[in-house]
Amino acid sequence: MIFTFAHLEKSVEIMSKNIRKQDFLTYFKRFSLMASSETSVTIGVISSFHQDNLSKKFYDEIKSAIVTIVPTIEVIDFVVDDTIEMRAIDEVIDCRDTQKTTEKKTKNEAINGVEIVEGVNSRLVSERYQLDNFIVGPNTQLAHAACDAVARRPGSSYNPLYIYGNVGLGKTHLLQGVANTIRSKQKDLRVVYTTADKFLTDYVSSIKWRSVDKLRERYRQIDVLVLDDVQFLAGKKQTQEELYNIFNILYEAGKQIILSGDRPPRELTELEARLQSRFEWGITVDVSEPDYETRLAIIGEKARAREFLLPQNVAEFIAENVTTNVREIEWILNQIIAEYDLRGTPPTIENVAMRLSKLSIRSLTPSMTTSKSIRSTHCSYEDLIQAVSGHFGIEIRALLSEDRKKENMIPRQVAMYLLKNKLHYTYERIGNIFSGRNHTAVMYSVKKLEEVMKKNQQVVYELNVIRDKLGI
Ligand code: ADP
Ligand code: MG
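In my numbering, the protein residues as written are 3 to 474.
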């Protein structure tokens, strides 16, 4: 195989990952491909300074990247390419751009998901959401059974499986539960979980880069496509069209498709009729509000998962009063645990009643299903880490690492503080997120920040900006 420009691009991508950022940005400016064969490559660079350094300091790393792409390469030369500034864009590799793209990609993979098929990012599926920690009640019996059947034999029982219901009733939990089960039982299957929102973004950027064909080609390789919240495609005609195409490709190939929406397909009036009808081809099942016993069981399960001892009468009190939305049940429970952790307030009916009235629990109206206030209570730790990293402009990896660089200290403390005080994570859990630190180290960092906040208004301000962004 002769070494091509595309091979060089791929190699540079690898180099940008393996070579220290500062070095990479200093020495790797621009590359062109001057000559090549099956065994040799001549790379054009911008100056003799770069030629010198690359061939002396970085030869091994460059070679190892190149050989990863084309194993037959033996010799690599560098020459000064006087025409490099005048070359067409597709003849020059701007290493800086490559570095930025890879960095972004790695970040996204770390936070938003994992790349399962090249170019198709699956959102991270939370381990918390399993089919067997989902409490089944009369309201979800059918949905759970259908999920179970699909997880056992993807592609052959119900296809597509469409689950609908109001917000906070367990759709995402079930969908991710299926994804988790299939991933753990059938490791060879490519399971992609994504939201309609994310699909839309991917599609729009594929139009921008004129790579719609590629997008389709990539989705074609998926074995199980899980698409959450399809109502977000309302009114997005072109994206619907693309989903229709992908749906057909997957369906005809016997691949499993699982969808969720906030109402039954035929009520998604802003969705093209043919897409609505496709969604109904398999089975559609609803999730509705849990009854009292189910609510009580859910509270019990959630408290158990948090290792929190909740008195039975308090659990019953919550089950009686928070009736429409499981997410709110979790939210109350979080509040109770936080109160206990922070102030030692015991969970009694009186205390909880006060909380409930303060929080003025309201029943959800449909118009609120997309409102920020509801979603905000469900800011995940990934969202939080990403926001802190974005706000301070430091890499997620650095934020979570154990390095003791001064510029990373405050951002790290801020992230820990918010996890503790706003998402109510235990010190142990936070420690695990931050490279397995000891919980006392986390506690110390949080305390430290509290001290800083007393003296430094700027930090308080920064914190508020981040909290606003996340709605916490
Ligand atoms: P939806 O996607 O329908 O808006 P989610 O799946 O995000 O709702 O559920 C909200 C929260 O409530 C999640 O944390 C989920 O684990 C929890 N939940 C909902 N229903 C159940 C259930 N039956 N058993 C256990 N947890 C549940
Ligand atoms: Mg959801």
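Heads up, the beta-carbon is just placed ideally off N, CA and C, and yes, glycines get one too.
These numbers were taken from a predicted model, which means no experiment stands behind them.
By how many angstroms is the C-alpha of S50 removed from the C-alpha of K59?
Locating residue 59 in the sequence shown gives position 57, counting from the first residue. Locating residue 50 in the sequence shown gives position 48, counting from the first residue. One C-alpha to the other measures close to 14 Å.
What would DSSP say about M455, mapped onto helix, strand or coil?
As a first step, residue 455 must be located in the sequence shown, where it is residue number 453. If DSSP states are grouped into helix, strand and coil, M455 belongs with the helices.
Tell me whether the beta-carbon of Q53 lies closer than 8 Å to the beta-carbon of V81.
The count along the sequence shown starts at 1 and reaches residue 53 at position 51. The count along the sequence shown starts at 1 and reaches residue 81 at position 79. For Q53 and V81, yes; Cβs fall inside 8 Å.
Do V169 and D264 come within 8 Å of each other at the CB atom, strictly closer than that value?
The residue you call residue 264 lines up with position 262 of the sequence shown. The residue you call residue 169 lines up with position 167 of the sequence shown. A contact, by the Cβ cut-off of 8 Å.
Just verifying my parser: in three-state terms, what is the DSSP assignment at Y195?
Walking along the sequence shown from the start, residue 195 turns up at place 193. It is a strand residue.
Can you tell which of V287, Q415, E430 and D385 has the C-alpha that lies nearest to the C-alpha of D343?
Locating residue 343 in the sequence shown gives position 341, counting from the first residue. Residue E430 is the option with its Cα nearest to D343.
R32 lies in the beta strand (DSSP E); which residues open and close that run?
As a first step, residue 32 is located in the sequence shown; it is residue number 30 there, counting from the start. R32 to S38 is the span of the beta strand (DSSP E), which, as asked, contains R32.
Cβ contact (3+ pairs, closer than 8 Å) linking the stretch 259 to 276 and the stretch 291 to 303
no
Contacting residues, own chain, Cβ-Cβ under 7 Å from F281 (five flanking each side not counted)
Counted from its first residue, the sequence shown places residue 281 at position 279. These residues qualify, in order along the chain: P162, Y164, L261 and P267.
So, are the CB atoms of I435 and L402 less than 8 Å apart?
Residue numbering aside, residue 435 sits at position 433 when the sequence shown is read from its first letter. Residue numbering aside, residue 402 sits at position 400 when the sequence shown is read from its first letter. Taking 8 Å as the Cβ cut-off, I435 and L402 qualify as a contacting pair.
Run the Cβ filter for me: residues under 5 Å from any heavy atom of ligand 1, listed in the order they occur in the chain.
F136, I137, V169, G170, L171, G172, K173, T174, H175, I300, V328 and R329
What residue range does the beta strand (DSSP E) around Y164 cover?
Reading the sequence shown from its first residue, position 162 is the one you call residue 164. Annotation: the continuous beta strand (DSSP E) that includes Y164 extends over L163 to Y166.
Residue closest to S128, alpha-carbon to alpha-carbon, out of I351, G179, Q258 and D134:
For this step, residue 128 is matched to residue 126 along the sequence shown. Comparing Cα-Cα distances from S128 to each of I351, G179, Q258 and D134, the minimum goes to G179.
Going by beta-carbon coordinates alone, are G172 and F136 separated by less than 8 Å?
Position 170 of the sequence shown holds residue 172. Position 134 of the sequence shown holds residue 136. Yes, these two residues count as a Cβ contact at 8 Å.
So for L386, helix, strand or coil by DSSP?
Counting from one through the sequence shown, the residue named residue 386 turns up at place 384. Helix at L386.
Look at the alpha carbon of S39 and the alpha carbon of F394, and state the distance between them as a whole number of angstroms.
For the purposes of this step, residue 39 is taken as the residue at position 37 of the sequence shown. For the purposes of this step, residue 394 is taken as the residue at position 392 of the sequence shown. Using only the alpha carbons, I get a separation of about 46 Å.
Under 7 Å: does the beta carbon of D230 sit that close to some heavy atom of ligand 2?
In the sequence shown, counting from the first residue as 1, residue 230 sits at position 228. Yes, the Cβ of D230 comes within 7 Å of a heavy atom of ligand 2.
Using a Cβ-Cβ cut-off of 6 Å (strictly less than) and excluding sequence neighbours within five positions of E272, which residues of its own chain qualify?
The residue labelled residue 272 in the question sits at position 270 within the sequence shown. Cβ within range, chain order: A236 and G237.
May I have a chain-ordered list of the alpha helix (DSSP H) segments no shorter than 4 residues that lie completely inside the stretch 234 to 261?
239 to 254
So is G392 buried or exposed if we call it buried at 16+ other beta carbons inside 10 Å?
Residue numbering aside, residue 392 sits at position 390 when the sequence shown is read from its first letter. G392 is classed as exposed because its beta carbon has fewer than 16 other beta carbons within 10 Å across all chains shown.
Proximal residues to S375 (C-beta, below 8 Å), its chain only, five neighbours per side dropped
For this step, residue 375 is matched to residue 373 along the sequence shown. Here the model assigns S375 a pLDDT of 34, short of 50, so the residue's position is not dependable and the matter cannot be decided.
Three-state secondary structure (DSSP) at D79?
As a working mapping, residue 79 is identified with position 77 in the sequence shown. Strand at D79.
G139 classed as buried or exposed, judged by whether at least 16 other C-beta atoms fall within 10 angstroms:
As a position in the sequence shown, residue 139 is number 137, starting the count at 1. So G139 ends up on the buried side.
Tell me, which residues are paired with S42 by DSSP?
By 1-based counting over the sequence shown, the position of residue 42 is 40. Paired residues: V77.
If G284 sits next to Y160, beta carbons under 8 Å apart, how far is it from one beta carbon to the other, in whole angstroms?
Counting from one through the sequence shown, the residue named residue 284 turns up at place 282. Counting from one through the sequence shown, the residue named residue 160 turns up at place 158. Confirmed, Cβ separation roughly 5 Å.
T142 versus D150 - alpha carbon distance:
The residue given as residue 142 occupies position 140 in the sequence shown. The residue given as residue 150 occupies position 148 in the sequence shown. Going by the C-alpha atoms only, they are around 12 Å apart.
Short of 7 Å in beta carbon distance, which residues of its chain neighbour F249, apart from the five on each side in sequence? Order them along the chain.
For the purposes of this step, residue 249 is taken as residue 247 along the sequence shown, with counting starting at 1. Taking F249 as the centre and dropping the five residues before and after it, the same chain places the C-beta of I259 and R280 closer than 7 Å to its C-beta, in chain order.
Can a CB atom of chain B be found closer than 8 Å to the CB of T85?
The question asks about chain B, but that chain is absent: this structure has only one protein chain.
Taking the alpha-carbon positions, what's the T183 to L35 distance?
If you number the sequence shown from 1, residue 183 lands on position 181. If you number the sequence shown from 1, residue 35 lands on position 33. Roughly 47 Å between the two C-alpha positions.
Reduced DSSP category for T286 - H, G, I as helix; E, B as strand; rest coil:
Indexing the sequence shown from 1 puts residue 286 at position 284. If DSSP states are grouped into helix, strand and coil, T286 belongs with the strands.
If you draw a straight line from the alpha carbon of L27 to that of C381, how long is it in whole angstroms?
Within the sequence shown, the letter at position 25 stands for residue 27. Within the sequence shown, the letter at position 379 stands for residue 381. L27 and C381: Cα-Cα distance of roughly 35 Å.
Sheet register partners of K94 (DSSP bridge)
Here residue 94 refers to the residue found at position 92 of the sequence shown. Position check: residue 94 holds Val in this sequence, whereas Lys was assumed. According to DSSP, V94 bridges with S34.
Any idea what DSSP makes of T367, helix, strand or coil?
Start at 1 with the first residue of the sequence shown, and residue 367 comes out as number 365. Unreliable positioning characterises T367 in this predicted model, as indicated by a pLDDT of 33, which lies under 50. A coordinate reading is not provided.
Take the Cβ of Y427 as the centre, count every other Cβ of all protein chains shown within 10 Å, and call the residue buried at 16 or more, exposed below.
Working through the sequence shown from its first residue, we reach residue 427 at position 425. So Y427 ends up on the buried side.
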